[in-house]
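Asker:
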Amino acid sequence: MDKENINLLVVGPGAIGTAVATPLAANNIYVRILGKERHKEFFSKKKMVYNSSKGKLEGKVVGVTIDDLQDEKEWKPDAILITLKASSTIEVINQLEQIYDPEVPIVSLQNGLIAEEIAKESHFKKVIACVVGFNVKLVDIGIAEQTSEGDLVIGRIGKEKEVKSEDVPDFIPKVLEFVAPTKVSDNIISDVWMKLMINSTINPICAIGDMPLGEIARTKAAIYLSLWNWKEMVDVAKALGLKLNPFQGVLFAEVLYVYDIISFGIAKNVLKRIVAPHKNAIVSMLQDIRNGKTTEIDYLNGKVYEIGSKLGVKMPTNEMLIKTIKEIEKGNKKPGKGLLNKLFRESILSK
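Here the sequence shown stands for residues 68 to 418, where the numbers follow our numbering.
#1: What did DSSP end up calling valine 171 once you bin it into helix, strand or coil?
#2: Whose C-alpha, out of Lys310, Val325, Ser154, Val337, is nearest the C-alpha of alanine 284?
#3: Going by C-alpha to C-alpha distance, which of Tyr117, Ile265, Gly179 sits closest to glutamate 373?
#4: Going by beta carbon distance, what residues of the same chain come within less than 7 Å of alanine 153, once the five residues before and after it are set aside?
#5: Does threonine 249 come out as helix, strand or coil in the three-state DSSP assignment?
#6: Write down the C-beta distance between threonine 214 and alanine 348 rounded to the nearest angstrom, noting that I regard them as a contact closer than 8 Å.
#7: In terms of residues, what are the limits of the alpha helix (DSSP H) holding valine 136?
#8: Could you name the residues that DSSP lists as bridge partners for valine 98?
#9: Just to confirm before moving on: does the CB-CB distance between leucine 91 and leucine 75 stay below 8 Å?
#10: Evaluate tyrosine 97 with the Cβ neighbour count: other Cβ atoms within 10 Å of its Cβ, from every protein chain shown; 16 or more gives buried, anything less gives exposed.
#11: Span of the alpha helix (DSSP H) holding lysine 409?
#12: State buried or exposed for lysine 377, treating a residue as buried only when at least 16 other CB atoms are found within 10 Å of its CB.
#13: Let me check understanding here. Comparing Cα to Cα, which of Cys197, Gly209, Ile73, Val174 lies closest to lysine 112?
#14: State the DSSP-derived secondary structure class of phenylalanine 110, mapped to helix, strand or coil.
#15: Counting only the same chain and skipping the five closest in sequence on each side, list residues whose C-beta sits under 7 Å from that of histidine 190.
#16: Between the Cα of valine 251 and those of Cys197, Ser175, Asn296, Asp355, spot the shortest distance and give me the residue it belongs to.
#17: Hey, how far is the Cα of glycine 217 from the Cα of threonine 85?
#18: Using the Cα positions of glutamate 392 and proline 144, report the straight-line distance between them to the nearest angstrom.
#19: Can you look up isoleucine 147 in the DSSP assignment and give me helix, strand or coil?
#20: State the CB to CB distance for the pair isoleucine 149 and valine 174, rounded to an integer number of angstroms; the pair is presumed to be in contact (CB under 8 Å).
#21: Using three-state DSSP, classify phenylalanine 201 as helix, strand or coil.
#22: Contact check, asparagine 270 vs valine 350 under 8 Å by CB: the rounded distance?
#23: Taking only runs that begin and end inside the segment 253-316, name each unbroken alpha helix (DSSP H) of 4 or more residues, in chain order.
#24: When you compare the CB positions of isoleucine 275 and isoleucine 395, do they come within less than 8 Å of one another, or not?
#25: Assuming contact is defined by CB atoms lying nearer than 8 Å, are glutamate 21 and valine 199 in contact in what I supplied?
#26: Would you tell me roughly how many angstroms separate the C-alpha atoms of glutamate 244 and glycine 222, rounded to the nearest one?
#27: So what does DSSP say about leucine 367, is it helix, strand or coil?
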């Protein structure tokens, strides 16, 4: 399939949506981006802009609303790329089901386990999960900035079990290469879980501490809470029988698994090396807190906690992080290093 003949629908004009749609459009791929009326009006006048690590990209996309798609059912996308927050996804998927054939591939470029939910709950038969290894922030409507580098890992997910890499349509990894280096995985569930565990550690701790990612490795409370939380989530993955793939071929789950003083020292040094390239990145949960938005805590830590509870895995650190983020969302607690230190002291006393 020639790129000039590919039609893509990107759902969600946020940070990831802009980071995905712009390089595609810049490489002459026809992209419609699903948003609200204000997005449609904006993109009718201006191009998308993505300040990537490799330079500035601009691309012309077509903004549409769900009503537009319903009125133009003769237009069929070759794939639908989902970049929404998990909390909004199923509602939009239900609307898209009324418009598009079950054979249209769905690519979920999202945090958490939402791709599995799409595969189980929707009529779409070709659901592809994607682990996004880079960080992006939204500067303004249609303008995004890359804050750290990374690749994409994709793989098919079936309703009952995952399927093989050859079941991913060939054109999808090819077009995603315009966004970032793309690998097709035969064990995408493992890749998704590894990224879920990373996000469920760095996101709440950076949000509670009101600090960029690099501060995790320089703050005693953050280091301890990160490693305690990581151990709990690895225990859940083990209880599920998952064999966790190393993240981007570098981070092995066992390296951060603390069981004695020696393993703690190793994990502490590894954590410092991991966050160093992303030291200035502001994680999405902290961006949400600063912008007064609801976070995705329920779809990250909440999902892991839900699964762990059913399996009998004790997760006191994870539970504490969830409760604290919810208190911050309500305005009952103020994020900062003081709050992070308080949680650390409480955790020490409870152990």
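Heads up, the beta-carbon is just placed ideally off N, CA and C, and yes, glycines get one too. Since the model is a prediction, treat every value here as computed from it, not as a measurement.
Answerer: Reading off the structure:
#1: coil
#2: Val337
#3: Gly179
#4: Gln177, Asn178, Gly179, Ile181, Glu363, Tyr366
#5: strand
#6: 4 Å
#7: The question names valine, yet the displayed sequence has leucine at residue 136. Segment 133-138, the alpha helix (DSSP H) holding leucine 136.
#8: Leu75
#9: yes
#10: buried
#11: 404-417
#12: exposed
#13: Gly209
#14: helix
#15: Glu164, Pro169
#16: Cys197
#17: 16 Å
#18: Contrary to the premise, residue 392 reads as isoleucine rather than glutamate in this sequence. About 38 Å.
#19: strand
#20: 7 Å
#21: coil
#22: 5 Å
#23: 255-276, 287-307
#24: yes
#25: Since the first and last residues shown for the chain are 68 and 418, residue 21 lies out of range.
#26: 15 Å
#27: coil
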